[in-house]
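Protein chains in written order, with this note's numbering: chain A, 207 to 305; chain B, 60 to 250. For glycine and all other residues, C-beta sits at the position ideal for the given N, C-alpha and C. On a predicted model such as this, the values are computed, not experimentally measured, just so you know. This report refers to the structure that appears directly beneath it.
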Amino acid sequence: MNLTQLQRKLIAVARANPPDDRVPYAFERRLLARLTGLPPADQWTVWARMLWRAAAPCLGVMILVSAFAIATGGWRGSEAPLGESLETAVYAVLADPGE
Amino acid sequence: MERSDAELVAAVRGGDTASFEDLVRRYQPHVFATARRYARREEEVEDIVQEVFIKAFQKLDSFRGEAPFEHWLMRLAVRICYDFLRRHRRNRESRFSDLSDPEKDWLDRFVAEPASAPEDADAARALVNRLLTFLSPKARLIITLLEIEERSVKEIAALTGWSVPLVKVRAFRARAEMRKYLQQLKREQYL
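In structure tokens form, the structure reads like this:
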């Protein structure tokens, strides 16, 4: 069996038999009835849909940044214990009020 | 006197929803024929056409009138058909072992004498449809537009929103995919 010839023949069959373009009875009427029955586009719905769409890329960026921070060791922060760091931060202004 | 597409579009934009019915009536045969290339069941075809016109109505403000309305509508139709193919991806494990007797007879006739196998036979049409359902959505879309509808690469790029080089690459892959399934047919039927 010559496959190239068969491929050409099958394409010729498809070309020789174009699909039917008949339209079901009163299709346009039903469509218009549906269109007029559609609720008007609510801006909050559009906004919510956009937020949902943005969620996936944001999650992706977050994962990438976290992976980068873990890989470079940036997530560990300062070497000092948390209590000590907090104390330094809170009393920073009081320690040298002249500055 | 019949109103032009531009006049009808302007009327719909101005709030005259009834004018959209004239646009639908004008282009629905073309959209139905396009949808029937990708969907077999009439309910599916009707759903696709409905979606095309509803989207067209909702996005009418984005139609700038630089190209004819028909081109804009057909672009929308092709993209919705492609989405339909992606949503309804058939079982890729399909085999040619369940060919009907008329399909087998048509193939036997083709093998014996290729020119004698008729192009208008129901069996040949069934075989083509079977082959197309095996293809991936991308391959099916490209084969339909490029080989069956004989559109140019540039036209396909405009219809699908893909770049010209991407259409060429996908056309090459689609032909290879089709050939793979024909080889499978040969293996299952004649080896």
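Interface partners of residue i on chain B, CB under 7 Å
i: A:A218; result: E178
i: A:M256; result: Those within 7 Å of A:M256 in chain B number zero; the least Cβ separation is about 16 Å.
Contact with chain B by residue i, beta-carbon distance below 8 Å
i: A:T242; result: yes
i: A:Q312; result: Beyond the ends of chain A as shown, which are 207 and 305, falls residue 312 of chain A; an answer cannot be given.
i: A:D248; result: no
i: A:V229; result: yes
i: A:L237; result: yes
i: A:P224; result: yes
Contacts that residue i makes with chain A (C-beta to C-beta distance below 7 Å)
i: B:V187; result: L216, V219 and A220
i: B:E80; result: E234 and L238
i: B:K245; result: M207 and L209
i: B:L190; result: L216
i: B:V170; result: M207
i: B:H147; result: What B:H147 touches in chain A: nothing, since even the nearest Cβ is about 17 Å away.
i: B:P88; result: D227 and V229
Bounding residues of the alpha helix (DSSP H) (the contiguous stretch that carries residue i)
i: A:Y231; result: Here A:Y231 belongs to no alpha helix (DSSP H), and DSSP marks it neither H nor E.
i: B:K114; result: E101 to Q117
i: B:W131; result: F128 to R146
i: B:F79; result: S78 to Y97
i: B:E66; result: D64 to R72
i: A:G279; result: No alpha helix (DSSP H) contains A:G279, which DSSP labels as neither H nor E.
i: A:T210; result: L209 to A222
i: B:F155; result: No alpha helix (DSSP H) holds B:F155; DSSP gives it neither H nor E.
i: B:R199; result: P196 to I201
i: B:A217; result: V212 to T219
i: B:D181; result: D181 to F193
Residue i at chain A interface by Cβ criterion, 8 Å
i: B:V137; result: no
i: B:A65; result: no
i: B:K126; result: In the sequence as presented, Lys is not what sits at residue 126 of chain B; that position holds Ala. Not an interface residue.
i: B:R62; result: no
i: B:E206; result: yes
i: B:M237; result: yes
i: B:V83; result: yes
i: B:P224; result: no
i: B:A183; result: yes
i: B:F143; result: no
i: B:H130; result: no
i: B:R95; result: yes
i: B:P173; result: yes
CB-CB length for residue i against residue j, believed under 8 Å
i: B:R95; j: A:P225; result: 4 Å
i: B:I201; j: B:R229; result: 5 Å
i: B:F91; j: B:V104; result: 7 Å
i: A:L265; j: B:F79; result: Incorrect: roughly 40 Å between the Cβ atoms, too far for contact.
i: B:M237; j: B:L194; result: 6 Å
i: B:Y97; j: B:L144; result: 6 Å
i: B:R134; j: B:A217; result: 7 Å
i: B:A174; j: B:R168; result: Contact doesn't hold; Cβ gap of about 10 Å is too wide.
i: A:L209; j: B:L241; result: 5 Å
Per-residue contacts from residue i into chain A (C-beta, under 8 Å)
i: B:I107; result: Ordered by position in chain A, no residue passes the 8 Å Cβ test against B:I107, which lies about 12 Å from the chain.
i: B:F200; result: Residue identity check: residue 200 of chain B is Leu in the sequence provided, not Phe. Here the premise fails: no neighbours, minimum Cβ distance about 14 Å.
i: B:I113; result: L237, R240, L241 and L244
i: B:A92; result: P224, P225, D226 and D227
i: B:F116; result: L241
Neighbour list for residue i in chain A, Cβ cutoff strictly below 9 Å
i: B:T76; result: L238, L241 and T242
i: B:R154; result: Here the premise fails: no neighbours, minimum Cβ distance about 17 Å.
Residue-level contact to chain C via CB, residue i, 8 Å cutoff
i: B:L241; result: Checking the listed chains, one finds no chain C in this structure; the protein chains it contains are A and B.
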